[in-house]
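Reviewing the structure listed below.
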Amino acid sequence: MLKKSSEDIIHRNSFWTYKHDVFQYPDGRTGDYYYGEDRGMAIVVPILPDGRLVLGKQHRYLVDQMSIEFPGGGIRSEETPDQAARRELFEEVGYTATYLEQIGKFQQYIGVFKAPAYVYVAKVTTPDKQILDDTEDITVITATPQEFSQMIQRGEVIDGGTLAAWAMAFNLVT
Numbered sequence: 002m003l004k005k006s007s008e009d010i011i012h013r014n015s016f017w018t019y020k021h022d023v024f025q026y027p028d029g030r031t032g033d034y035y036y037g038e039d040r041g042m043a044i045v046v047p048i049l050p051d052g053r054l055v056l057g058k059q060h061r062y063l064v065d066q067m068s069i070e071f072p073g074g075g076i077r078s079e080e081t082p083d084q085a086a087r088r089e090l091f092e093e094v095g096y097t098a099t100y101l102e103q104i105g106k107f108q109q110y111i112g113v114f115k116a117p118a119y120v121y122v123a124k125v126t127t128p129d130k131q132i133l134d135d136t137e138d139i140t141v142i143t144a145t146p147q148e149f150s151q152m153i154q155r156g157e158v159i160d161g162g163t164l165a166a167w168a169m170a171f172n173l174v175t
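In my numbering, the protein residues as written are 2 to 175.
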């Protein structure tokens, strides 16, 4: 097992921190480990009374592709994961949860980034107006669980967090 010897912050901004650790191998050699870290994110699987899922469709700058995703985003310093889930649900797709339950947690990019993702299922009813960030242009769509699974098979769902959340929620909503 590797043992941390030291930790330095290389860069910090309002979203994440980039770090450099020096670690020691069991045989005494040392090595370097570079990674990012943040407070994590919340991902919400919103379900309408008729069983349809609420999703956002948006262009993702880094991969220059359209992406169909569950609402989600970063946890602010003053928020709990539950509060972030409710906020992201409202901001991105305009829904308020009448019921919200955390169903799981995973590491987003283990080995490269230290950032938990908290997965929620929410019951939602009537949409309101979205409150999008300047970089967001999200079209709200709905799909049955079967239609969503077909979107995944066709390669329309490319977001790892959405795929992981669906794996956790699948048996609860189908």
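Don't be surprised by glycine CBs; every beta carbon is placed ideally from N, CA and C. Since the model is a prediction, treat every value here as computed from it, not as a measurement.
Check                                                                         : Outcome
Nearest to Q154 (by Cα), restricted to the options D39, I69, K20 and L63      : I69
Beta-carbon proximity of F71 to I44, cut-off 7 Å                              : yes
Assigned exposure category for M42 - 16 Cβ within 10 Å defines buried         : buried
Opening and closing residue of the alpha helix (DSSP H) in which R87 lies     : P82 to V94
Helix, strand or coil at M42 according to DSSP, with G and I counted as helix : strand
C-beta contact flag for G156 and D129 at 7 Å                                  : no
In DSSP terms, what P146 is bridged to                                        : Bridge partners of P146: none, in fact.
G161, DSSP secondary structure in three states                                : helix
Three-state secondary structure assigned by DSSP to L173                      : helix
CB of G186 within 7 Å of CB of E92, strictly                                  : The chain is shown only over 2 to 175; residue 186 falls outside these bounds and no answer can be derived.
Endpoints, the beta strand (DSSP E) within which S6 is located                : K4 to R13
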